[in-house]
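First the structure, in the form of structure tokens, and then the observations on it.
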Amino acid sequence: MPLPRVLADLPVSSAVLELLGGRVELVPWNATGRVDAIYTYGHPTVDAAMMDRFAGSKVISNFGVGVDHIDVKAATERNIPVGNTPGILDGATADLAFALILAAGRRIVEGDRYARGPDFTRYDPSYMLGREVHGSTLGVFGMGRIGRQVAMRANGFGMKVLYHNRNRSDEAEVALKARYATKDELLAAADYVVLTVPLTPETRSFIGRAELAKMKPTATLVNVARGAVVDKDALTEALSAKRIFAAALDVTVLCATSCIRAAEA
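Residue numbering for the sequence shown follows the working numbering, beginning at 29 and increasing consecutively.
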């Protein structure tokens, strides 16, 4: 009996290969013919046309939590279940969010580059000063699983935590010492604005020119959500004009990559 054929955007991780080895036949994204399942690893688009092209698919499985690259409505209409891995990356994503907060606030990447470069000829403790993290104000957009994990870490740094969410959370306000704020209030007050919202029609370009203009000139924007949540052109303008201090991005519109762009203080 032939193995089930799984369409996958190869290459996948060695751990996945080990789990699937001998159980399925992984075929590349440009394959033709029979396909029993679709597996997305790097967030390629899975739309209605693709589902119709591989009408024999019995399941679509996503490596990760977000399924904004999959037309779930179209899958539902075709009785194709869509699977993901909710909760598995909550802690890891929150760790990364805090790593970006610290790196951008304390200008770690810039400092490392300077220390290794030819311009580092004398010691000046007042050069390339960053921004305090401890005791500052953290603003979290999206107090879901990841947002709560970020707030929990902020408590350890003695930060004041503000949050904005579709619904208020009494539990989060008590357990995490978080205070609900309107979108504008959070933008105006936060030293670090962290985005942990899902990508939906409502959150696309959630942070644009108007929102960036409301942030402090000393504030840092941290995005660990989806690239399209931020208007990248507006962000580039704000950084170039030094209207905000820095942006620390785990995601962009074009790629998923960790990068930090900090403006000179």
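Glycine is no exception: its CB is placed at the ideal position from the N, C-alpha and C atoms.
Counting only the same chain and skipping the five closest in sequence on each side, list residues whose C-beta sits under 7 Å from that of residue i.
i: residue 122; result: 174, 177, 178, 181
i: residue 205; result: 183, 189
i: residue 139; result: 156
i: residue 114; result: 93
Cβ of residue i versus every heavy atom of the ligand SAH: is any distance shorter than 7 Å?
i: residue 151; result: With respect to the ligand SAH, the structure shown offers nothing to examine, as it has no ligands at all.
Rounded to a whole number of angstroms, what is the C-alpha to C-alpha distance between residue i and residue j?
i: residue 221; j: residue 247; result: 7 Å
i: residue 238; j: residue 250; result: 17 Å
i: residue 213; j: residue 236; result: 16 Å
i: residue 48; j: residue 64; result: 14 Å
i: residue 34; j: residue 41; result: 15 Å
i: residue 55; j: residue 36; result: 6 Å
Spell out the partners DSSP gives residue i in its beta bridges.
i: residue 223; result: 169, 251
i: residue 98; result: 74
i: residue 89; result: 67, 111
i: residue 192; result: 169
Which one of the options has the shortest CA to CA distance from residue i?
i: residue 92; options: 257, 84, 69; result: 69
i: residue 232; options: 258, 276, 53; result: 258
i: residue 133; options: 166, 234, 253; result: 166
i: residue 170; options: 147, 195, 152, 155; result: 195
i: residue 106; options: 38, 185, 53, 88; result: 88
i: residue 76; options: 38, 102, 97; result: 102
i: residue 197; options: 172, 185, 211; result: 172
i: residue 224; options: 55, 50, 120; result: 120
i: residue 111; options: 125, 145, 66, 137; result: 66
i: residue 278; options: 185, 128, 261; result: 128
i: residue 260; options: 273, 244, 245, 240; result: 240
Excluding the 5 residues preceding and the 5 following residue i in the sequence, name in chain order all residues of the same chain whose CB lies nearer than 8 Å to its CB.
i: residue 26; result: Since the first residue of the chain shown is 29 and the last is 293, residue 26 is not available in this structure.
*Write down every uninterrupted run of the alpha helix (DSSP H) in the segment 120-149 whose length is 4 residues or greater and which is fully enclosed by it, in chain order.*
136-144
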